[in-house]
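*Asks:* Numbered per UniProt numbering, the sequence shown spans residues 1 to 343. Ideal Cβ placement from N, Cα and C applies to all residues, glycine included. Sharing a structure with you now.
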Amino acid sequence: MTQHRIAILGASGYTGAELVRLIATHPAMKIVALSADRKAGMAMDQVFPFLRHLDLPVLQKIDEIDFSGVDLCFCALPHATTQVVVNALPRNLKIVDLSADFRLRDPAEYEKWYGQPHTAVELQREAVYGLTEFYRDEIKTARLVAGTGCNAATGQFALRPLISAGVIDLDNILIDLKAGVSGAGRSLKENLLHAELSGGTHTYSMGGKHRHLGEFDQEFSKIAGRPVQVRFSPHLLPMNRGILATVYVKADPQVVHATLAKAYAAEPFLKVLPFGALPSTRDIAGSNFCHLGVIGDRVPGHAVVVAVLDNLTKGSSGQAIQNANLMLGIEETAGLMLAPVFP
């Protein structure tokens with residue numbers, strides 16, 4: 001099997017480390033370059049001791065990497081940094097970006113949600129939105145794929161088929177979401193210190209301020225053919241990995257379940273549970289799977305959809321590899337059928 005040569009920019013962060021973990025057993029990918037900024041010159045096992053069994057390149061500055069021998073580059077860099085870096089990379093290089101810089105198609109929407117003008121608008125127009133199950137054909141021929149937000153992916157898996165089928169009230173959607181702390185990245189933040197976070201549950205970016213709302217607005221409105229605005233309540237839980245989204249909709253519960261089951265029947269990573277069964281974040285930890293469950297609400301004519309995924313895997317790095325597989329002509333599931341970790 002052909003070994004595709006892979007570079008990972010931003011390998012010292014959580015999503016970068018997750019990419020390395022997954023690619024380590026990938027049958028058709030070989031890591032040939034790793035970058036970091038402050039940790040350039042260090043060995044990867046100095047940054048992440050859990051990877052010490054692997055023979056990996058030393059971390060470099062981005063401008064030290066020779067991209068002429070690289071087939072595909074993953075960018076796991078901070079927002080705003082990525083658009084500058086990607087704009088300077090060779091134009092023939094395939095790129096999967098894990099930041100938010102190319103998710104929103106409208107430059108004005110990017111500026112609205114991220115507080116600054118986009119500096120690589122032509123690339124923004126070129127990028128394909130990376131929710132694999134819904135953009136496969138475009139991803140296969142893309143040069144630049146923009147990975148989704150992890151929260152945005154979870155909510156979309158619960159709602160996209162329902163909006164497409166016209167089985168829910170588009171003006172009555174509430175997403176109540178709980179996320180693990182790794183979704184906030186590896187940078188030191190006071191509110192993420194153990195003493196500040198553990199033992200409690202915290203709301204954040206409430207009242208329509210969360211940036212992933214830009215993706216919900218963009219994608220749901222595109223499907224519906226008219227503006228759709230969901231209510232979104234995000235919470236931070238003292239757990240390392242995982243997202244659980246409880247989605248409340250006005251619809252017949254059995255129809256909601258049947259619609260999701262039909263939409264995802266052939267999807268290898270999306271599992272719809274029997275009606276009345278609900279998933280847990282424990283069921284998908286460390287894996288590229290998303291589990292969905294549906295129950296009826298106590299109020300007649302209303303349904304509850306619960307979707308769970310691992311924010312670092314299906315919500316980010318696993319999704320990125322799934323997209324890269326398509327871009328490189330590899331079997332979509334290659335390197336991603338690892339069972340979840342339990343307990």
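Just checking, does the region 288-306 make contact with the region 157-172 on the three C-beta pairs under 8 Å criterion?
*Replies:* Yes, since at least three Cβ pairs between the region 288-306 and the region 157-172 fall closer than 8 Å, the two stretches touch.
*Asks:* In terms of residue numbering, what span does the beta strand (DSSP E) encompassing residue 55 cover?
*Replies:* Taking the sequence shown and counting its residues from 1, the one referred to as residue 55 is at position 55. Element bounds for residue 55: n/a, residue is neither H nor E.
*Asks:* Using three-state DSSP, classify residue 234 as helix, strand or coil.
*Replies:* In the sequence shown, counting from the first residue as 1, residue 234 sits at position 234. Strand, per DSSP.
*Asks:* If you reduce the DSSP assignment to three classes, tell me which class residue 296 lands in.
*Replies:* Against the sequence shown, residue 296 aligns to sequence position 296. Three-state DSSP puts residue 296 in a strand.
*Asks:* Do you know how far the Cα of residue 327 is from the Cα of residue 42?
*Replies:* Residue numbering aside, residue 42 sits at position 42 when the sequence shown is read from its first letter. Residue numbering aside, residue 327 sits at position 327 when the sequence shown is read from its first letter. In a straight line, the C-alpha of residue 42 is about 31 Å away from that of residue 327.
*Asks:* Looking at the strands, I want to know which residues DSSP matches up with residue 169.
*Replies:* Walking along the sequence shown from the start, residue 169 turns up at place 169. Per DSSP, none; premise fails for residue 169.
*Asks:* Note down the Cα distance separating residue 48 from residue 251, rounded to an integer number of angstroms.
*Replies:* One-based indexing of the sequence shown puts residue 48 at position 48. One-based indexing of the sequence shown puts residue 251 at position 251. About 47 Å.
*Asks:* By how many angstroms is the C-alpha of residue 299 removed from the C-alpha of residue 324?
*Replies:* One-based indexing of the sequence shown puts residue 324 at position 324. One-based indexing of the sequence shown puts residue 299 at position 299. Going by the C-alpha atoms only, they are around 43 Å apart.
*Asks:* In terms of DSSP beta bridges, what is residue 157 paired with?
*Replies:* Along the sequence shown, one-based indexing puts residue 157 at 157. In DSSP, residue 157 forms no bridge with anything.
*Asks:* Please report the straight-line C-alpha distance between residue 343 and residue 210, rounded to a whole angstrom.
*Replies:* Counting from 1 along the sequence shown, the entry for residue 343 is found at position 343. Counting from 1 along the sequence shown, the entry for residue 210 is found at position 210. The straight-line gap from Cα to Cα measures roughly 31 Å.
*Asks:* Could you tell me which of 46, 53, 73, 19 sits nearest to residue 6, measuring between CA atoms?
*Replies:* Indexing the sequence shown from 1 puts residue 6 at position 6. For residue 6, the nearest C-alpha among the options comes from 73.
*Asks:* Which same chain residues, not among the five before or five after residue 347, have their C-beta less than 8 Å away from its C-beta?
*Replies:* Look at the range of the chain in this structure, 1 to 343, and you will see that residue 347 is not part of it.
*Asks:* Taking residue 180 as the reference, which of 21, 120, 110, 285 has the closest Cα?
*Replies:* By 1-based counting over the sequence shown, the position of residue 180 is 180. That would be 285, whose Cα lies nearest to the Cα of residue 180.
*Asks:* For residue 45, which of helix, strand or coil comes out of DSSP?
*Replies:* Residue numbering aside, residue 45 sits at position 45 when the sequence shown is read from its first letter. DSSP places residue 45 in helix when its eight states are reduced to three.
*Asks:* Express the C-alpha separation of residue 62 and residue 273 in angstroms, rounding to a whole number.
*Replies:* In the sequence shown, the residue the question calls residue 273 occupies position 273. In the sequence shown, the residue the question calls residue 62 occupies position 62. Each residue's Cα considered, the two are about 44 Å apart.
*Asks:* In terms of residues, what are the limits of the alpha helix (DSSP H) holding residue 97?
*Replies:* As a position in the sequence shown, residue 97 is number 97, starting the count at 1. That residue, residue 97, is in no alpha helix (DSSP H); its beta strand (DSSP E) goes 94-97.
*Asks:* Can you name, in chain order, every residue of its own chain whose Cβ lies under 7 Å from the Cβ of residue 269, other than the five neighbours on each side?
*Replies:* Here residue 269 refers to the residue found at position 269 when the sequence shown is read from its first residue. The answer, listed in chain order, is 288, 289, 290, 314.
*Asks:* By Cβ distance below 6 Å, which residues in the same chain neighbour residue 8 in space, the five residues on each side in sequence not counted?
*Replies:* Translated into positions along the sequence shown, residue 8 becomes position 8. Closer than 6 Å at Cβ, skipping near neighbours: 16, 19, 34, 74.
*Asks:* Tell me whether residue 114 sits in a helix, a strand or coil according to DSSP, three-state version.
*Replies:* As a first step, residue 114 must be located in the sequence shown, where it is residue number 114. Three-state DSSP puts residue 114 in a helix.
*Asks:* If contact is defined by three or more beta carbon pairs under 8 Å, each pair taking one atom from either stretch, is the region 93-111 in contact with the region 206-223?
*Replies:* The region 206-223, when compared against the region 93-111, does touch it at the 8 Å Cβ threshold.
*Asks:* Rounded to whole angstroms, how far is the Cβ of residue 241 from the Cβ of residue 336, which I believe are closer than 8 Å?
*Replies:* Indexing the sequence shown from 1 puts residue 241 at position 241. Indexing the sequence shown from 1 puts residue 336 at position 336. So it is not a contact: roughly 16 Å between Cβ atoms.
*Asks:* Under 8 Å, with one C-beta from each stretch per pair, do the region 80-93 and the region 52-68 reach the 3-pair mark?
*Replies:* Result yes; three or more Cβ-Cβ pairs closer than 8 Å.
*Asks:* Compare the Cα-Cα distances from residue 25 to each of 36, 70, 45, 51 and report the closest residue.
*Replies:* Position 25 of the sequence shown, counted from the first residue, corresponds to residue 25. The shortest Cα separation from residue 25 among 36, 70, 45, 51 belongs to 51.
*Asks:* With hydrogens ignored, establish whether the beta-carbon of residue 14 is closer than 7 Å to any heavy atom of the ligand PLP.
*Replies:* Among the components modelled here there is no ligand, and therefore nothing to report on the ligand PLP.
*Asks:* So, at 6 Å on beta carbons, what are the nonlocal neighbours of residue 281 in its own chain, with the 5 sequence-adjacent residues on each side left out?
*Replies:* By 1-based counting over the sequence shown, the position of residue 281 is 281. Cβ within range, chain order: 242, 244, 308.
*Asks:* Taking 8 Å as the CB-CB limit, is residue 147 close to chain D?
*Replies:* No chain D appears in the structure shown, which is made up of a single protein chain.
*Asks:* Could you give the distance in angstroms between the alpha-carbon of residue 224 and the alpha-carbon of residue 321?
*Replies:* Start at 1 with the first residue of the sequence shown, and residue 224 comes out as number 224. Start at 1 with the first residue of the sequence shown, and residue 321 comes out as number 321. Cα to Cα, the separation comes out at about 29 Å.
*Asks:* Taking the alpha carbon of residue 38 as the point to measure from, which residue in 146, 154, 11 has its own alpha carbon closest?
*Replies:* By one-based count along the sequence shown, residue 38 stands at place 38. Nearest C-alpha to residue 38: 11.
*Asks:* Mark residue 137 as exposed unless 16 or more other C-beta atoms lie within 10 angstroms of its C-beta, in which case mark it buried.
*Replies:* For the purposes of this step, residue 137 is identified with residue 137 of the sequence shown, where counting begins at 1. By the neighbour-count rule (16 or more Cβ atoms within 10 Å), residue 137 is not buried but exposed.
*Asks:* Of the residues 134, 14, 27, 13, which one's Cα is nearest the Cα of residue 331?
*Replies:* As a first step, residue 331 is located in the sequence shown; it is residue number 331 there, counting from the start. The shortest C-alpha separation from residue 331 is found at 27.
*Asks:* Using the beta-carbon count (16 or more within 10 Å), is residue 310 buried or exposed?
*Replies:* Within the sequence shown, residue 310 is the residue found at index 310, counting from 1. Buried is the call here.
*Asks:* Taking residue 248 as part of the beta strand (DSSP E), name the residues at either end of that continuous run.
*Replies:* To locate residue 248, count along the sequence shown from 1; it is residue 248. From DSSP, the beta strand (DSSP E) with residue 248 extends over 243-250.
*Asks:* Tell me, which residues are paired with residue 5 by DSSP?
*Replies:* Mapped onto the sequence shown, residue 5 falls at position 5. Paired residues: 30.
*Asks:* Could you check if residue 117 is buried or exposed, using at least 16 other CB atoms within 10 Å of its CB as the buried criterion?
*Replies:* The residue you call residue 117 lines up with position 117 of the sequence shown. The residue is exposed, with fewer than 16 neighbouring Cβ atoms inside 10 Å.
*Asks:* Are residue 31 and residue 57 touching if we call contact CB-CB under 8 Å?
*Replies:* Sequence index remark: in the sequence shown, residue 31 carries index 31 (1-based). Sequence index remark: in the sequence shown, residue 57 carries index 57 (1-based). Yes, the Cβ-Cβ distance between residue 31 and residue 57 is below 8 Å.
*Asks:* DSSP three-state call for residue 289: helix, strand or coil?
*Replies:* Position 289 of the sequence shown, counted from the start, is the residue given in the question as residue 289. Coil, per DSSP.
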